[in-house]
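Take the sequence shown: its position 42, counted from the start at 1, is 74 in our numbering, and no numbers get skipped.
Just so you know, even glycine gets a beta-carbon here, dropped at the ideal spot from N, CA and C.
Note that the structure is predicted; figures quoted are calculated from it, not measured.
Working notes, structure below.
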Amino acid sequence: MKIGLIHATTTAVNPIVKAFQEESTPVELLHFMDTGLLPMIEESGSLTPEIIKRFSLLVFPIYVLKHPLEGT
Numbered sequence: 033m034k035i036g037l038i039h040a041t042t043t044a045v046n047p048i049v050k051a052f053q054e055e056s057t058p059v060e061l062l063h064f065m066d067t068g069l070l071p072m073i074e075e076s077g078s079l080t081p082e083i084i085k086r087f088s089l090l091v092f093p094i095y096v097l098k099h100p101l102e103g104t
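This is how it looks when you write it as structure tokens:
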């Protein structure tokens, strides 16, 4: 089984990997990372349409390629 994980910081990776190793049957973890998300949220003080769009590009890359988001 493959499980995709989205990270906004590099420090999140090792604890999550360790938790899966301790508590789960063997799985393949796929790590998707955008370290620019957290600074964007901190700067804006909230989730903006731009941040949501950027996150969506990690979550739905094939869908986004087939159906471009407005403004891209």
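- For L90, the secondary structure class from DSSP, reduced to helix, strand or coil, is helix.
- Contact check between the region 34 to 43 and the region 61 to 73: three or more CB pairs, one atom from each, fall below 8 Å, which counts as touching.
- In the displayed model, L79 falls within coil according to three-state DSSP, outside both helix and strand.
- In the same chain as G36, and ignoring 5 residues on each side of it, the C-beta atoms closer than 7 Å to its own belong to L62 and F64, in chain order.
- Taking C-beta separations shorter than 7 Å and ignoring five residues to either side along the sequence, the partners of F52 in its chain run V59 and L61, following chain order.
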